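Q: Dumping the structure here so I can ask a few things about it.
In our numbering, the protein residues as written are 890 to 1081.
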């Protein structure tokens, strides 16, 4: 297993730590930042989530720079992103920060694209994430991070950065999913 794949696996391993930090009441209390009281467990969860998210850039950088791109990495990297984002969205829905229907749309798209990836792999094709998919992932990461940080450090704005980012993420989630299916429609139709 090469370094980029180890970094990707570490992202998957950070997911349970992120969930424990956010969901378990350790009695850490709250801190006040720019007039907003934020639970410490949200800050810790946000830090773990952001670190895990940054590994997505790092593993891709090393894989391309040192020509360490593997089929395993092409499969696991987007799957790790989907697991991280899905767990965070489910938690945010449980906290009543994100509407359930948006979480359902985003996770459904992820399942659908993963299913198509399996069909493509069955036909001998493995596709790395396209640019639209990367924009979608980063928009989701920004939205999720902003929710856990309670819009800090931009919580003084008259609108929620988290809400705006979520709508951007939803747009790119739907659009990139449509684009992925459209570009691979021939393989999909042949598999039926």
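Note that beta-carbon positions come from the ideal geometry of N, C-alpha and C, so glycine has one too.
None of these values were measured; they are calculated from a predicted model.
Short of 6 Å in beta carbon distance, which residues of its chain neighbour residue 1080, apart from the five on each side in sequence? Order them along the chain.
A: Start at 1 with the first residue of the chain shown, and residue 1080 comes out as number 191. Result list for residue 1080: 1008, in chain order.
Q: According to DSSP, is residue 1076 helix, strand or coil?
A: Stepping through the chain shown from its first residue, residue 1076 is reached at position 187. Residue state, collapsed to three classes: helix.
Q: So, with DSSP's three-state summary, where would you put residue 927?
A: Your numbering for residue 927 matches position 38 in the chain shown. If DSSP states are grouped into helix, strand and coil, residue 927 belongs with the strands.
Q: With a threshold of 16 other CB atoms inside 10 Å of the CB of residue 1003, please say whether the residue is buried or exposed.
A: Mapped onto the chain shown, residue 1003 falls at position 114. That one is exposed.
Q: Are the beta-carbon atoms of residue 1033 and residue 938 separated by less than 9 Å?
A: Your numbering for residue 1033 matches position 144 in the chain shown. Your numbering for residue 938 matches position 49 in the chain shown. Their beta carbons are under 9 Å apart, which means residue 1033 touches residue 938 by this criterion.
Q: Would you mind sorting residue 889 into buried or exposed? The rule is 16 or more other CB atoms within 10 Å of its CB.
A: Because residue 889 is not part of the residues shown, which for the chain are 890 to 1081, the question remains open.
Q: Tell me the DSSP secondary structure of residue 922 in three-state form.
A: Your numbering for residue 922 matches position 33 in the chain shown. Three-state result, residue 922: strand.
Q: Measuring CB atoms only, is the segment 950-957 touching the segment 920-935, in the sense that at least three cross pairs come out at less than 8 Å?
A: No, the segment 950-957 is not in contact with the segment 920-935.
Q: Enumerate in chain order the residues of its own chain whose CB-to-CB distance from residue 1042 is below 7 Å, with the five nearest sequence positions on each side excluded.
A: The sequence position of residue 1042 within the chain shown is 153, counting from 1. Counting only Cβ-Cβ distances below 7 Å, and skipping sequence neighbours, we find 923.
Q: State buried or exposed for residue 1102, treating a residue as buried only when at least 16 other CB atoms are found within 10 Å of its CB.
A: This structure cannot settle anything about residue 1102, because the visible part of the chain is limited to 890 through 1081.
Q: What residue range is occupied by the uninterrupted alpha helix (DSSP H) comprising residue 983?
A: As a working note, residue 983 is residue 94 in the chain shown. Start and end: 960-983.
Q: At the level of alpha carbons, what is the spacing between residue 1051 and residue 945?
A: Position 162 of the chain shown holds residue 1051. Position 56 of the chain shown holds residue 945. Going from the Cα of residue 1051 to the Cα of residue 945 covers about 21 Å.
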